[in-house]
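As structure tokens, the structure follows; a few thoughts come after it.
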Amino acid sequence: MQINSKLPNVGTTIFTVMSALAREHNAINLSQGFPDFDCSPKLMELANKYIRSGFNQYAPMPGTQALRERIAEILSTCYGASYHPETEITVTAGATQAIYTALAAFVGSGDEVIVFEPAYDCYVPAIELQGGKAVYSQLNAPEFAINWADVRSKITSRTKAIIINSPHNPSGTTLSQADIAELERLVAGTNILVISDEVYEHMVFDGQSHQSVAMSKTLAAQSILVSSFGKTVHTTGWKIGYVAAPKEIMVEFRKVHQFLVFVVNHPLQLALADFLADKDNYLQLKNFYQQKRDLFLRLTQSSKLKPLKTAGTYFQLMSYSAISNENDSELAVRLTKEKKLATIPLSVFYSQKTDNKLLRFCFAKKDETIEKAAEIICAL
Ligand code: GLN
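Under the numbering used here, the first residue of the sequence shown is numbered 34, with each subsequent residue one higher.
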């Protein structure tokens, strides 16, 4: 059989590659973004409770009522937004499925989608599988700020959507109020859909607050907000996320959702709905991760690697130009094998594999893991 690949240039995602390499070489894994500590015992108990009490068949297609109501409450608490649980919120199998579904529902052959580079790796293949085309706008190191004039120049009659991601993976930067206002002006009066990847929404540091598309009524009216409980309650393995969007957009989203996954894990949705009744379980997350970021920065202060500013997410970029001219991918592999420390090279987030001599470190780790990693970094 001759196979004509639909994604001829796509290999295995870097997160899988680096985590496997870390395991193989028994290296500390600061590469793939996931915590090396467990979720709350209370959340585990709730999951157990719902599994034992018989919630083991299909959930309602858009998600359980209890979790959709809880999501509406979170969006109202954090952003003063009003999304109707019945028609404007859908529970998804993580943010990856949410983003894929949004693109499948709205992007067709020849459509263009504006993507900011460096870009999280699931966006572009999902666009291309719909026959769409990614149109790139660069976020230049070290600020990684959006150049709105450039974005404006890239809008054409074929622009169907724009994907934003704040707090931003991999750079750890966040969009400002002014950026949101720019975006609002940009799409006003157009049919451009905003897909807003806000999976790190509860991890914004230094007294700043997350700027969500949900905070602007006009922007929210043409946006799909995407988030993930994996990040918020330390359960990346549960793969549960959600989207919030106006009813007319959600009708189209659900048409695809029902045939892509139909429904999401039932008992875990119920557990999440109960657990998040305590608002501290999401409102305190920024303090928890700011302490981790600050610990990582303090312990690596004497290193030759220089940190860039991290305003959100659980990632820290570091420049290694003072210690090596190596290409970032080669260095990441070598550090894993020889120094027993795995990271993510930034170039993998660029279509042209741009090498800025930057590595991404995930600090969603136990303090002792951060301490061990810092020792290695300081010795480089
Ligand atoms: N989002 C995580 C990261 O950036 C990894 C998720 C995944 O492995 N797909 O590291």
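Ideal Cβ placement from N, Cα and C applies to all residues, glycine included. Being a predicted model, the structure only gives us computed values, none of them experimental.
Of the candidates L392, I409, A407, L392 places its Cα closest to the Cα of A174. With a cutoff of 8 angstroms, N202 counts as near the ligand GLN, since its C-beta is closer than that to a heavy atom of the ligand.
Contact check between the stretch 283-299 and the stretch 197-207: fewer than three CB pairs, one atom from each, fall below 8 angstroms, which does not count as touching. Pairwise C-beta distances place the stretch 381-390 in contact with the stretch 138-156, as three or more of them are shorter than 8 angstroms. With respect to the 9 angstroms criterion, L303 and F88 are classified as neighbours on the basis of their beta carbons. Straight through space, the alpha carbons of S38 and F139 are spaced by roughly 23 angstroms.
Nearest C-alpha to D327 among Y133, P74, D239: D239. Note on Y91: under 16 other CB atoms within 10 angstroms of its CB, so exposed under the neighbour-count rule.
Closest option to Q244, judged by alpha-carbon separation, among D154, P95, C111, T46: C111.
Only residues of its own chain outside the window of five on either side were considered, and among them G164, G165, K166, R191 have a CB closer than 8 angstroms to the CB of G143, listed in chain order. Residue nearest to L63 within the set C411, C395, I410, E401 is C395 (criterion: CA-CA distance).
The continuous stretches of alpha helix (DSSP H) do not include C155, and DSSP gives it neither H nor E. Take the alpha-carbon of T125 and the one of F348: they are about 24 angstroms apart.
In this structure, DSSP gives D327 a helical state, which the three-state scheme calls helix. S249 has its CB no nearer than 8 angstroms to any heavy atom of the ligand GLN.
Per DSSP, the unbroken beta strand (DSSP E) holding G274 starts and ends at 274-277. Bounds of the beta strand (DSSP E) holding I257 are 256-261.
Here DSSP, grouped into helix, strand and coil, assigns T192 to strand. Taking all protein chains in view, the Cβ of P200 is crowded by 16 or more other Cβ atoms within 10 Å, so the residue is classified as buried.
Closer than 8 angstroms to some heavy atom of the ligand GLN: that describes the Cβ of S64. Per DSSP, A178 lies in no alpha helix (DSSP H) segment and is marked neither H nor E. Burial check for S109: the Cβ neighbour count within 10 Å stays below 16, so the residue is exposed. Residue burial annotation: T251 is exposed, with fewer than 16 other C-beta atoms found within 10 angstroms of its C-beta. Counting only residues of its own chain and dropping the five nearest sequence neighbours on each side, Y315 has a CB closer than 6 angstroms to the CB of H235, T265. Residue pairing of K339 in beta bridges, as defined by DSSP: S352. Annotation for S229: no alpha helix (DSSP H) segment contains it, though the beta strand (DSSP E) segment containing it runs 226-230.
Between the alpha carbons of C411 and P340 lies a gap of roughly 12 angstroms. Secondary structure at C72: coil, using DSSP grouped into helix, strand and coil.
Within the model, the alpha-carbon separation for G345 versus E176 is close to 13 angstroms. Counted as a single uninterrupted DSSP element, the alpha helix (DSSP H) harbouring I47 occupies residues 47-57.
DSSP places E359 outside both helix and strand once states are collapsed to three, so it counts as coil. Annotation for L391: the continuous beta strand (DSSP E) segment containing it runs 391-395. For a cut-off of 8 angstroms, the C-beta gap from V246 to S229 is around 4 angstroms, short enough to register as a contact.
Under the three-state reduction of DSSP, P300 is assigned to helix. Sequence-distant partners of K373 (beyond 5 residues in either direction) whose C-beta falls short of 8 angstroms from its own C-beta, in its chain, are H58, N59, A60, I61, I409.
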